[in-house]
Amino acid sequence: MANPPKYFIVEANALPEIFRKVAEAKRLLETGEAETVHQATGMTGISRSAFYKYKDAVRPFNDMLHGRIVTFQTRLRDEPGVLSSVLNSFAVSGANILTINQGIPVSGCALVTIGAETSGLHIPVEELLSRTTALRGVLKCEILAG
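Using this note's numbering, the first residue of the sequence shown is number 1313, and each one after it goes up by one.
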(Lines of atoms letter the chains of each structure in order from A and count residues from 1; the text may use other names and numbers.)
(Lines give C-alpha, C1' and ligand atoms only; values in the text may rest on other atoms or scores of the structure.)
Protein backbone atom coordinates (compact mmCIF):
# COMPACT_ATOMS: atom_id res chain seq x y z
CA MET A 1 0.00 0.00 0.00
CA ALA A 2 1.39 3.43 -0.95
CA ASN A 3 2.15 5.94 1.75
CA PRO A 4 -0.48 8.69 2.03
CA PRO A 5 0.77 12.17 1.14
CA LYS A 6 2.10 14.37 3.93
CA TYR A 7 1.22 18.06 4.12
CA PHE A 8 2.99 20.98 5.71
CA ILE A 9 1.96 24.56 6.31
CA VAL A 10 4.93 26.69 5.36
CA GLU A 11 5.27 30.46 5.18
CA ALA A 12 5.43 31.49 1.52
CA ASN A 13 8.79 33.24 1.95
CA ALA A 14 10.36 29.95 3.07
CA LEU A 15 9.29 28.18 -0.13
CA PRO A 16 11.44 27.99 -3.23
CA GLU A 17 10.44 30.70 -5.69
CA ILE A 18 9.10 28.16 -8.21
CA PHE A 19 6.31 27.12 -5.81
CA ARG A 20 5.21 30.71 -5.26
CA LYS A 21 5.21 31.31 -9.01
CA VAL A 22 3.18 28.15 -9.69
CA ALA A 23 0.61 29.31 -7.11
CA GLU A 24 0.51 32.72 -8.78
CA ALA A 25 0.05 31.15 -12.22
CA LYS A 26 -2.86 29.08 -10.88
CA ARG A 27 -4.41 32.24 -9.41
CA LEU A 28 -4.07 34.03 -12.75
CA LEU A 29 -5.88 31.17 -14.48
CA GLU A 30 -8.63 30.95 -11.85
CA THR A 31 -9.35 34.68 -11.92
CA GLY A 32 -9.28 34.89 -15.72
CA GLU A 33 -6.33 37.29 -15.75
CA ALA A 34 -4.62 34.66 -17.92
CA GLU A 35 -6.62 32.61 -20.41
CA THR A 36 -4.08 29.84 -21.03
CA VAL A 37 -1.31 28.05 -19.17
CA HIS A 38 1.12 29.48 -21.73
CA GLN A 39 -0.03 32.99 -20.89
CA ALA A 40 0.02 32.42 -17.11
CA THR A 41 3.51 30.91 -17.14
CA GLY A 42 4.76 33.74 -19.31
CA MET A 43 3.34 36.30 -16.88
CA THR A 44 5.04 34.60 -13.92
CA GLY A 45 8.31 33.78 -15.65
CA ILE A 46 8.23 29.99 -15.30
CA SER A 47 8.25 27.20 -17.84
CA ARG A 48 5.12 25.26 -18.68
CA SER A 49 6.89 22.04 -17.68
CA ALA A 50 7.58 23.46 -14.19
CA PHE A 51 3.94 24.53 -13.93
CA TYR A 52 2.66 21.06 -14.84
CA LYS A 53 5.21 19.39 -12.56
CA TYR A 54 4.02 21.24 -9.43
CA LYS A 55 0.47 22.45 -10.18
CA ASP A 56 -1.25 19.64 -8.26
CA ALA A 57 1.09 19.88 -5.27
CA VAL A 58 0.89 23.63 -4.60
CA ARG A 59 -2.22 25.17 -3.06
CA PRO A 60 -2.54 28.41 -1.11
CA PHE A 61 -3.70 28.11 2.46
CA ASN A 62 -6.68 30.30 3.31
CA ASP A 63 -6.26 31.74 6.76
CA MET A 64 -9.18 30.50 8.83
CA LEU A 65 -9.51 33.89 10.51
CA HIS A 66 -10.16 35.63 7.20
CA GLY A 67 -12.39 33.12 5.47
CA ARG A 68 -14.08 29.88 6.28
CA ILE A 69 -16.32 27.69 4.18
CA VAL A 70 -18.93 25.81 6.15
CA THR A 71 -21.41 23.25 4.86
CA PHE A 72 -24.81 23.34 6.54
CA GLN A 73 -27.42 20.62 6.24
CA THR A 74 -31.06 21.54 6.77
CA ARG A 75 -34.27 19.56 6.74
CA LEU A 76 -37.14 21.78 5.59
CA ARG A 77 -40.87 21.36 5.26
CA ASP A 78 -41.94 21.34 1.62
CA GLU A 79 -43.85 24.62 1.86
CA PRO A 80 -43.58 27.83 -0.17
CA GLY A 81 -41.18 30.37 1.28
CA VAL A 82 -39.31 28.12 3.73
CA LEU A 83 -36.08 27.90 1.72
CA SER A 84 -36.33 31.62 0.94
CA SER A 85 -36.51 32.46 4.66
CA VAL A 86 -33.46 30.26 5.35
CA LEU A 87 -31.45 31.96 2.61
CA ASN A 88 -32.55 35.36 3.90
CA SER A 89 -31.40 34.40 7.41
CA PHE A 90 -27.96 33.59 6.01
CA ALA A 91 -27.80 36.84 4.02
CA VAL A 92 -28.89 39.04 6.95
CA SER A 93 -26.25 37.37 9.14
CA GLY A 94 -23.51 38.18 6.62
CA ALA A 95 -22.90 34.67 5.25
CA ASN A 96 -22.00 34.45 1.57
CA ILE A 97 -23.84 31.50 0.05
CA LEU A 98 -21.66 29.56 -2.38
CA THR A 99 -23.77 26.48 -3.15
CA ILE A 100 -27.29 25.21 -2.61
CA ASN A 101 -28.25 21.59 -3.20
CA GLN A 102 -31.85 20.59 -2.62
CA GLY A 103 -33.10 17.05 -2.82
CA ILE A 104 -36.55 16.17 -4.09
CA PRO A 105 -39.05 16.42 -1.21
CA VAL A 106 -40.06 13.11 0.35
CA SER A 107 -42.90 12.82 2.86
CA GLY A 108 -43.32 16.59 2.89
CA CYS A 109 -39.66 17.32 3.76
CA ALA A 110 -36.64 18.32 1.69
CA LEU A 111 -32.98 17.96 2.57
CA VAL A 112 -31.04 21.11 1.62
CA THR A 113 -27.27 21.44 1.80
CA ILE A 114 -25.87 24.98 1.82
CA GLY A 115 -22.19 25.83 1.37
CA ALA A 116 -21.40 29.28 2.77
CA GLU A 117 -18.33 31.44 3.28
CA THR A 118 -18.65 32.71 6.85
CA SER A 119 -15.88 35.31 7.24
CA GLY A 120 -18.44 38.13 6.95
CA LEU A 121 -20.77 36.84 9.67
CA HIS A 122 -21.96 39.50 12.12
CA ILE A 123 -22.89 36.78 14.63
CA PRO A 124 -21.29 33.49 15.75
CA VAL A 125 -22.00 30.45 13.57
CA GLU A 126 -23.83 28.86 16.51
CA GLU A 127 -26.21 31.83 16.59
CA LEU A 128 -26.85 31.45 12.85
CA LEU A 129 -27.72 27.81 13.49
CA SER A 130 -30.11 28.76 16.31
CA ARG A 131 -31.82 31.51 14.32
CA THR A 132 -32.20 29.31 11.27
CA THR A 133 -33.54 26.37 13.27
CA ALA A 134 -36.14 28.68 14.86
CA LEU A 135 -37.60 29.67 11.48
CA ARG A 136 -41.06 28.44 10.49
CA GLY A 137 -40.73 25.23 8.47
CA VAL A 138 -37.16 24.41 9.48
CA LEU A 139 -37.04 21.01 11.11
CA LYS A 140 -33.28 20.75 11.53
CA CYS A 141 -30.15 22.78 10.80
CA GLU A 142 -26.64 21.51 11.54
CA ILE A 143 -23.06 21.90 10.40
CA LEU A 144 -22.01 19.08 8.14
CA ALA A 145 -18.42 20.23 7.53
CA GLY A 146 -16.32 23.28 8.10
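All residues carry an ideal CB built from backbone N, CA and C; glycine is no exception.
Looking only at DSSP bridge pairs, what is I1409 linked to?
-> The sequence position of residue 1409 within the sequence shown is 97, counting from 1. Partner(s): A1428.
Under a three-way DSSP split, which group does A1326 fall into?
-> By one-based count along the sequence shown, residue 1326 stands at place 14. Correct three-state label for A1326: helix.
When the distance is taken between beta carbons, is A1407 closer than 7 Å to T1386?
-> Translated into the one-based positions of the sequence shown, residue 1386 becomes position 74. Translated into the one-based positions of the sequence shown, residue 1407 becomes position 95. No, Cβ-Cβ distance for T1386 and A1407 is not below 7 Å.
Helix, strand or coil at E1454 [DSSP, three-state] = Looking up residue 1454 in the sequence shown gives position 142. The answer is strand: DSSP assigns E1454 an E or B state.
Given a cut-off of 7 Å, decide if V1382 and I1455 are closer than it, judged by their beta-carbon atoms.
-> As a first step, residue 1455 is located in the sequence shown; it is residue number 143 there, counting from the start. As a first step, residue 1382 is located in the sequence shown; it is residue number 70 there, counting from the start. In this structure, V1382 lies closer than 7 Å to I1455 by Cβ.
How about G1415 and A1422: are their beta carbons less than 7 Å apart?
-> Counted from its first residue, the sequence shown places residue 1415 at position 103. Counted from its first residue, the sequence shown places residue 1422 at position 110. Going by C-beta atoms, G1415 is nearer than 7 Å to A1422.
Considering only residues of the same chain and omitting the five flanking positions on each side of A1337, which have a CB-CB separation below 6 Å?
-> For the purposes of this step, residue 1337 is taken as residue 25 along the sequence shown, with counting starting at 1. Excluding positions up to five away in sequence, the list reads A1352, T1353, T1356, F1363.
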